[in-house]
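Q:
Numbering (this note's numbering), first residue to last: 14 to 195.
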């Protein structure tokens, strides 16, 4: 009787834990979607501001930009898929042949070349919408935005560490970062 009761309680506890995990995953997906939308809005706002787009330019630019982003997203998915397959095999301690390794490396390299070609074609294809200065700004926009976002994440992490009382502060490192521009 005690064993039956113990098994029932254990089953109930496991079921509760699984239910909580399912809700957390749903919440995470919803949060990720909201974060993605916020990120997309920020990119559009920053592009409009940094490139100093007129309303006519923005009307023509953003449909092409969205199409371009979708193309890059597909390449990213393919690249991640190739790398995940090999990572899974490594994690499972499966033996990877030299030909399989070479095939994966070549495929990922080819996808990265495709990404560069698509980026180049997109930027050079904007000559009917953007002036040369705007095209140059567009070509460096992604790198600038990524650096700024990394800086914001670092600052946010520093703030969180400070709240926990574990903040380590390196003044020399902060001075170097402040000299880099942006």
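Cβ coordinates follow ideal geometry from the N, Cα and C atoms, glycine included.
Just so you know, these numbers come straight off a predicted model, no measurement behind them.
In chain order, what residues of the same chain lie with their CB nearer than 6 Å to the CB of residue 86, ignoring the 5 residues before and after it?
A: Excluding sequence neighbours, residue 86 sits near nothing in its chain.
Q: For residue 147, does the count of other Cβ atoms within 10 angstroms reach 16, so buried, or fall short, so exposed?
A: Residue 147 should be labelled buried.
Q: Going by other Cβ atoms of all chains shown within 10 Å of its Cβ, with 16 needed for buried, is residue 48 buried or exposed?
A: Exposed, because fewer than 16 other Cβ atoms sit within 10 Å of the Cβ of residue 48.
Q: Let me know if residue 139 comes out buried or exposed under the rule of 16 or more other beta-carbons within 10 Å of its beta-carbon.
A: Buried, since its Cβ has 16 or more Cβ neighbours within 10 Å.
Q: Let me know the secondary structure DSSP gives residue 34 once reduced to three states.
A: Reliability fails at residue 34, whose pLDDT of 46 lies under 50, so the model's placement of it is uncertain and no value is given.
Q: Taking 8 Å as the limit between beta carbons, can you name the residues of its chain near residue 121, skipping five residues before and five after?
A: Contacts found: 92, 95, 96.
Q: The alpha helix (DSSP H) spanning residue 85 covers which residue range?
A: Element bounds for residue 85: 68–104.
Q: Does residue 36 pass the burial test, meaning 16 or more other C-beta atoms within 10 Å, or should it be called exposed?
A: Any reading at residue 36 needs caution, since the residue's pLDDT is 48, under 50, leaving its predicted position unreliable; the model's value is listed next. That one is exposed.
Q: The alpha helix (DSSP H) spanning residue 140 covers which residue range?
A: Here residue 140 belongs to no alpha helix (DSSP H), and DSSP marks it neither H nor E.
Q: Would you call the CB atoms of residue 64 and residue 151 closer than 8 Å?
A: In this structure, residue 151 lies closer than 8 Å to residue 64 by Cβ.
Q: Can you give me the C-alpha to C-alpha distance between residue 110 and residue 74, rounded to a whole angstrom?
A: If you take the alpha carbons of residue 110 and residue 74, they lie about 46 Å apart.
Q: Just the Cα atoms here: how many angstroms apart are residue 115 and residue 128?
A: If you take the alpha carbons of residue 115 and residue 128, they lie about 20 Å apart.
Q: In angstroms with no decimal places, state the Cα-to-Cα distance between residue 106 and residue 99.
A: Cα-Cα distance, rounded: 11 Å.
Q: Just tell me which of 167, 172, 60 has its CA closest to the CA of residue 155.
A: Out of 167, 172, 60, 60 has the C-alpha closest to the C-alpha of residue 155.
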